[in-house]
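Participant: For reference, the structure I am asking about is given below.
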Amino acid sequence: MRVEQISVFLENKAGRLAEVTGILSDANVNIRALSVADTSDFGVLRLIVDDNAKAERVLKENGFSVGKTSVVAVEVEDKPGGLHRILSILTMAGINVEYMYSLVVQRNGHSVLVFRFDNIDGAVSLLKENGITVVDGSKVQSM
Amino acid sequence: MILDIGFETMPREDLEDIQVRRLQATVERAYYNVPFYRANFEKSGVKPDIIKSMDDLKRLPFTTKADLRDNYPFGMFAVPMDNVVRIHASSGTTGKPTVVGYTARDIKTWAELMARALSAGGAGRGDIIHNAYGYGLFTGGLGVHYGAEKLGASVIPVSGGNTKRQIVLMKDFGPTILTSTPSYALHLAEVAEEVGESFKNFKFKFGIFGAEPWSEKMRTELEEKLYLSAVDIYGLSEVMGPGVAMECHEAKKGLHIFEDHFIPEIINPETGEVLPYGETGELVFTSITKEAFPVIRYRTRDITSLNPEPCICGRTHVRMNKVSGRSDDMLIIRGVNVFPSQIESVLMGFEGVAPHYQLIVDRIDNLDVLSVLVEVGEKLFSDEVKILQDEAKKISKNIKDYLGVSAKVTLVESKSIARSEGKAVRVVDNRKI
């Protein structure tokens, strides 16, 4: 049920993000989702791609520090209150969202959001109990 | 004013007589009371009785900062602890500080020499001395303080920091002498301006600046911004503290070394060969009156030259020119001695940080700013920004706790630090001194 996310450390300098997308593009890696968390000095780029192994390899070859983290992809109803319902369930159970961002494409008419939880297993079973679709890693990559 | 006419203007021949006698006594005491000196002399095949004239000094072996460190904390003391009344310490190269001790007589001698120094710098009875050198293990604050009291001046023991309050005190108390590091003095001028005050309206006549090297250009700047006459003071805790050498305000051209207490030599730092007057090399000191912590041919690592020409002030003591650099990699940041190796040992405490780091020193608004660039390798990296920020904060805090100097830690991409021949360039000093 987990999705593997790749993260890259970037200095806050012009052109660094383009360098990453260039490397991935040259390697024919497709980006499914991404987010950037930034500070005044540096940023962390988080990516869901269609080929993790290849992406990790080409980024490392180009001198980037690459990390791997498990995240959860969740279907969210594309209507008012869709996200709120999910967050309410998690909040009641005391599960913390470290960060979240959304996939570029829709699935089954739903938006797909990527979550990083402090308690992944707890979050996944809780969401399932509440009838919320958690999307499998392989499915996210091939969407 | 020359405080001690007898010693400070003594003819050179008489001075040398005194130096030889004091040197003989110091060498003998060091040899018999400090195991390190005895072993060091034996290694060089010399005994204390080889000192017949000043020329024999060069036959003695050098003492280095590493020797002091190896004998941490009290191994270099030449008197029993019963007779040590004061301990000071400065930062060392690998974490352990360099510890120095003083007998009651040493403290008295130091106060006398500091009084001489303050007097040479234009201070006297009736002056109010605003002493912004740090008080504590650092010798600056207490050294000036005792000298000021000995001189009979009024001393404000304000120490470093709390700059806005210092401006208020300067305005209200009307001090006439400022003692501080030159960079802090310039910072004071800026803060004064920020709060709508000006040194123009203060009563300062002289500023006695030391604990870090400064240039003639900086003298001009200090004099223009602080409306005072700026003079240089030199010292290091291993030799005594401030008051080893002092510029006279009459000439402002080199610092008179108090040669009745300290014998200077200039050596080639590579070969150890003694260089004649006028040539530039590493300054070496031998103390000849200290009881608790005598030093014999101590290598300061400061680069300068000696000038024996008579001075218009009347002092006969040789002058050292302003220190122009170091023969090792020590940095002086806001008066604090920092060795890159000390920062490295802090970074070693964090998994995955060393050896990929770089120190950058800038002078921003006249204050030294130390930045530490740390490469984020796989081990340090996290996809969560707050974890990375916490790590940077922790590194910064440890540097502060351990070295007493604030550092801004900046995380950079791996392999982004410039390397020369595969080795990262450790230190970039952008300060223009």
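Here the protein sequences line up with chains A and B, keeping their order.
According to my numbering, the first sequence is numbered sequentially starting from 2.
According to my numbering, the second sequence is numbered sequentially starting from 389.
Beta carbons are placed, not taken as given, at the ideal position from N, Cα and C, and that holds for glycine.
What you are looking at is a predicted structure, and each value in this text was computed from that prediction instead of being measured.
Just to confirm my understanding: we take T481 (chain B), look at its own chain, exclude 5 residues before and 5 after, and list those with CB closer than 6 Å. What are they?
Facilitator: Only weak support exists for where T481 (chain B) lies, its pLDDT of 49 falling under 50; the coordinates are left without a value.
Participant: Residue range of the beta strand (DSSP E) that A633 (chain B) falls in?
Facilitator: G629 to E635
Participant: Using a beta-carbon distance cut-off of less than 7 Å, what residues from the stretch 730–748 of chain B approach chain A?
Facilitator: If you check each beta-carbon in the stretch 730–748 of chain B against every beta-carbon of chain A, none falls closer than 7 Å.
Participant: DSSP on R3 (chain A), reduced to helix/strand/coil?
Facilitator: coil
Participant: May I ask you to list the residues that DSSP assigns as paired with P652 (chain B)?
Facilitator: In DSSP, P652 (chain B) forms a bridge with B:F673.
Participant: Helix, strand or coil: which one does DSSP assign to Y534 (chain B)?
Facilitator: helix
Participant: Excluding sequence positions up to five away, which residues of its chain have a Cβ less than 8 Å from the Cβ of S617 (chain B)?
Facilitator: If we look at S617 (chain B) and ignore the five residues flanking it on each side, its Cβ neighbours are G510, K593, F594, G595, E611, H637 and K640.
Participant: Take T782 (chain B) and list the residues in its own chain whose beta-carbon comes closer than 7 Å to its own, dropping the five residues that flank it on each side.
Facilitator: The residue asked about is misnamed: residue 782 (chain B) is Lys in this sequence, not Thr. Exclusion of the five residues before and after K782 (chain B) leaves no residue of its chain whose Cβ lies closer than 7 Å to its Cβ.
Participant: Assuming D620 (chain B) and G598 (chain B) are in contact, meaning their beta carbons sit under 8 Å apart, how far apart are those beta carbons, in whole angstroms?
Facilitator: The beta-carbon distance between D620 (chain B) and G598 (chain B), rounded to whole angstroms, is 6 Å. This is short enough to meet the 8 Å contact definition.
Participant: Where does V113 (chain A) sit, in a helix, a strand or coil, going by DSSP?
Facilitator: strand
Participant: Quick check: does the Cβ of N818 (chain B) come within less than 6 Å of any heavy atom belonging to the ligand HEM?
Facilitator: Although the ligand HEM was asked about, the structure shown includes no ligands whatsoever.
Participant: For chain A, is any of its Cβ atoms less than 7 Å away from the one on F769 (chain B)?
Facilitator: yes
Participant: Taking the alpha helix (DSSP H) that A573 (chain B) falls in, what are its first and last residues?
Facilitator: P570 to E582
Participant: Between S26 (chain A) and chain D, is any beta-carbon pair separated by less than 7 Å?
Facilitator: No chain D is present in this structure, whose protein chains are A and B.
Participant: Could you tell me which of B:K774, B:I775 and B:S759 sits nearest to K788 (chain B), measuring between CA atoms?
Facilitator: B:S759
Participant: Could you work out which residue in A:N120, A:A94, A:N131 and A:L11 is closest to E76 (chain A) when comparing CA atoms only?
Facilitator: Of the listed residues, the one whose Cα sits closest to E76 (chain A) is A:N131.
Participant: Using a C-beta cutoff of 7 Å, does A56 (chain A) count as contacting chain B?
Facilitator: The beta carbon of A56 (chain A) does not come within 7 Å of any beta carbon belonging to chain B, so the residue lies off that interface.
Participant: Just the Cα atoms here: how many angstroms apart are L663 (chain B) and L614 (chain B)?
Facilitator: So the alpha carbons of these two residues sit roughly 38 Å apart.
Participant: Kindly list, in the order they appear in chain A, the residues whose Cβ is closer than 9 Å to that of S804 (chain B).
Facilitator: Neighbours of S804 (chain B) across chain A, judged by C-beta separation under 9 Å: E12 and G64.
Participant: Pairing CB atoms from the stretch 524–543 of chain B with CB atoms from the stretch 654–663 of chain B, are three or more of them under 8 Å?
Facilitator: no
Participant: Which partner residues of Q746 (chain B) appear in the DSSP bridge assignment?
Facilitator: B:L761
Participant: Would you tell me roughly how many angstroms separate the C-alpha atoms of A806 (chain B) and E500 (chain B), rounded to the nearest one?
Facilitator: 49 Å
Participant: Measure the alpha-carbon distance for E62 (chain A) versus Q777 (chain B) and round it to whole angstroms.
Facilitator: 26 Å
Participant: Using the Cα positions of V632 (chain B) and K484 (chain B), report the straight-line distance between them to the nearest angstrom.
Facilitator: 24 Å
Participant: For R819 (chain B), which residues in the same chain have their Cβ closer than 8 Å to its Cβ, ignoring the five residues on either side in sequence?
Facilitator: V749, D750, R751 and D756
Participant: Three or more C-beta pairs under 8 Å: does that hold for the stretch 736–747 of chain B against the stretch 549–561 of chain B?
Facilitator: no
Participant: If you draw a straight line from the alpha carbon of V106 (chain A) to that of K55 (chain A), how long is it in whole angstroms?
Facilitator: 22 Å
Participant: For T481 (chain B), decide whether its Cβ has a neighbour in chain A, counting only Cβ atoms nearer than 7 Å.
Facilitator: Because T481 (chain B) sits at a pLDDT of 49, beneath the cut-off of 50, its placement in the model cannot be relied upon, and the point is left open.
Participant: Three or more C-beta pairs under 8 Å: does that hold for the stretch 516–533 of chain B against the stretch 552–571 of chain B?
Facilitator: yes
Participant: What span of residues does the alpha helix (DSSP H) with L735 (chain B) cover, start to end?
Facilitator: Segment P728 to M736, the alpha helix (DSSP H) holding L735 (chain B).
Participant: Report all residues from its chain with a CB closer than 6 Å to the CB of Y425 (chain B); omit the five preceding and five following residues, and keep chain order.
Facilitator: A418 and Y419
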